[in-house]
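To convert a position in the sequence shown, counted from 1, into our numbering, add 1109.
Glycine included, every Cβ here is placed at the ideal spot set by N, Cα and C.
All values reported here derive from a predicted model rather than from experimental measurement.
Take a look at the structure below.
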Amino acid sequence: MESVCPLDFRYGREEMKRVLSHESRVRRCLDVEASLARALAAVGRIPPEAAREITLKAKLEYVTIEKVNEVEARIRHDVMAIVKVLSDACEGDAGKYVHLGATSYDIVDTALALQMKDALEIIRSDLKALERALIEKASENRDLVMVGRTHGQFAIPLTLGFKFAVWLAEVHRHIMRIEECRKRVLVGKVSGAVGTGAALGEESFEVERLVMEDLGLLAEEGATQIVQRDRQIEILCHLANLSVTVEKMSTEIRTLQRPEIGELMESFDSERQVGSSTMSHKRNPITCENVTGLARVLRSFLTASFEGGVQWNERDLSNSSAERFILPHMLVLADEILVKITSVMENLVIDREAIERNLNNAGSVIMAESVIMALVSKGMGRQEAHEITRQAAMEHYRGMAYKDALLKDGRVMSLLRPEELERSLTPSYYTGTARDRVDRIIASVRSP
């Protein structure tokens, strides 16, 4: 069969794909069935030897993907296919106790939580790697003064390290979000057809507790037939949010790689890498562009995930088919873009000469705010200082040097000595607490 989805052959790392694969889904369902059997034995609902046999046979060695697929094709029910194959694999009468007291989504949603647990650990590891790369870049470039830009225009100076530190703080918040929401996301259920636990009777709470403790999950306190989808929606929103951060970083690098700016650039293998099939001179920011596109695809799945949270009564099946696309695609893509942007960051080319050149080319006019603050410190009103520096800027844009435009205004020279004006026009003296902010952000990220 020909592959259609690019995740099959172009995007995604094998580590994450294994966690979210069909084989992993079946294996995790078997883990839940085995845990349920052990819990039922613990409360006296099934013989201990039956639980041991079910646990022994609840493995892909006995419940093969081929057998499960064959049965599912015949009965058209994925969970019952697993149950039937597992039951048949058990010796003696253990098979008759498989899936006792459970509904399909007791198994499916709990298995999904186990898959999510593994997947989120990968995402957390990815974020930590990106965090480390940003700490290094922020520290190395703590003092490198560059021109800031707002609205695509020159603003006032900052340091490149501060730019990296802003991203670092944001990435750290994503790590905290992932950690904090685990208690709401890594949740399963063993409470039956509509969530009341009727099939398990008085042992319902105890069976559910034993299963969740065994699997390292929490229990859905208010389930219907399914774990409530606000939980999934929360983590998927976090994935979409981190994709925005990744795209923001990639877009900034792409912008600053433009030849007329040239301050930052993706690494380029000059020995082998090809930039264009015809324009052989090209060094395109292809990884950042790739990340940008994949981040947008990732976020596009959010709408369907929100709609899956709306169910008829105690549940319908409208969420199931959509989630088979949404969850693996969003998680695989999140892993993909995090790994790629981390590689870009680790190997980022920083052109210090271009940064200095652009800062000089911006001219002293970018120091207008600095002049305002100097004049205000000498007693001039803020609004008057703003108008004086604005008029001088307009003369600068008509061809006069900004410093000369200021010098011809007697109000400026009556308050500022030449050396004070010169200092106020020097970018390196006007980066505020940027360096200290870098230090503070790094320290806060590193603190336990």
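| Check | Outcome |
| --- | --- |
| Environment of Ile1184 [buried if 16+ CB atoms lie within 10 Å] | exposed |
| Three or more C-beta pairs below 8 Å linking the region 1246 to 1255 and the region 1447 to 1466 | yes |
| Beta-carbon proximity check, Lys1126 vs Val1441, cutoff 8 Å | yes |
| Residues bridged to Pro1266 [DSSP beta-bridge criterion] | Val1256 |
| Gly1417 - DSSP class collapsed to helix/strand/coil | helix |
| Given Cys1138 as reference, the closest of Ala1238, Val1275, Ala1552 and Val1299 once Cα atoms are compared | Val1299 |
| Cα-Cα separation between Leu1607 and Thr1396, rounded to whole angstroms | As displayed, the chain neither begins before 1110 nor continues past 1557, which places residue 1607 out of reach and without an answer. |
| Cβ-heavy atom distance, Val1172 to the ligand SAH, below 7 Å | The ligand SAH is not part of this structure, which contains no ligands at all. |
| Helix, strand or coil at Val1207 according to DSSP, with G and I counted as helix | coil |
| Nearest residue (CA-CA) to Ser1556, options Thr1401, Thr1540, His1281 and Leu1436 | His1281 |
| Local conformation of Ala1552 per DSSP, three classes | helix |
| Status (buried if at least 16 other CB within 10 Å, exposed otherwise) for Asp1202 | exposed |
| Span separating the alpha-carbon of Ala1349 from that of Arg1532 | 45 Å |
| Simplified DSSP state of Gly1310, which is helix, strand or coil | helix |
| Alpha carbon of Lys1512 to alpha carbon of Thr1498, nearest angstrom | 10 Å |
| Residue span of the alpha helix (DSSP H) that contains His1347, given as start and end | Asp1339 to Gln1366 |
| Whole-angstrom distance between Met1358 and Glu1274, CA atom to CA atom | Per the sequence presented here, residue 1274 reads as Ala, with Glu not at that position. For Ala1274 and Met1358, the distance between alpha carbons rounds to 12 Å. |
| Delimiting residues of the alpha helix (DSSP H) encompassing Ala1332 | Careful: Ala1332 lies outside any alpha helix (DSSP H) and carries neither H nor E. |
| DSSP bridge partner residues for Val1458 (one or two, in chain order) | Met1374 |
| Pair within 8 Å by beta-carbon distance, Glu1423 and Val1303 | yes |
| Alpha-carbon spacing of Ser1429 relative to Asp1218, whole angstroms | 11 Å |
| First through last residue of the alpha helix (DSSP H) which encompasses Arg1491 | Arg1491 to Tyr1506 |
| Collapsed DSSP secondary structure at Leu1327 in the structure displayed | strand |
| Cβ contact (3+ pairs, closer than 8 Å) linking the region 1236 to 1246 and the region 1132 to 1148 | no |
| Straight-line Cα distance separating Arg1546 from Phe1271 | 7 Å |
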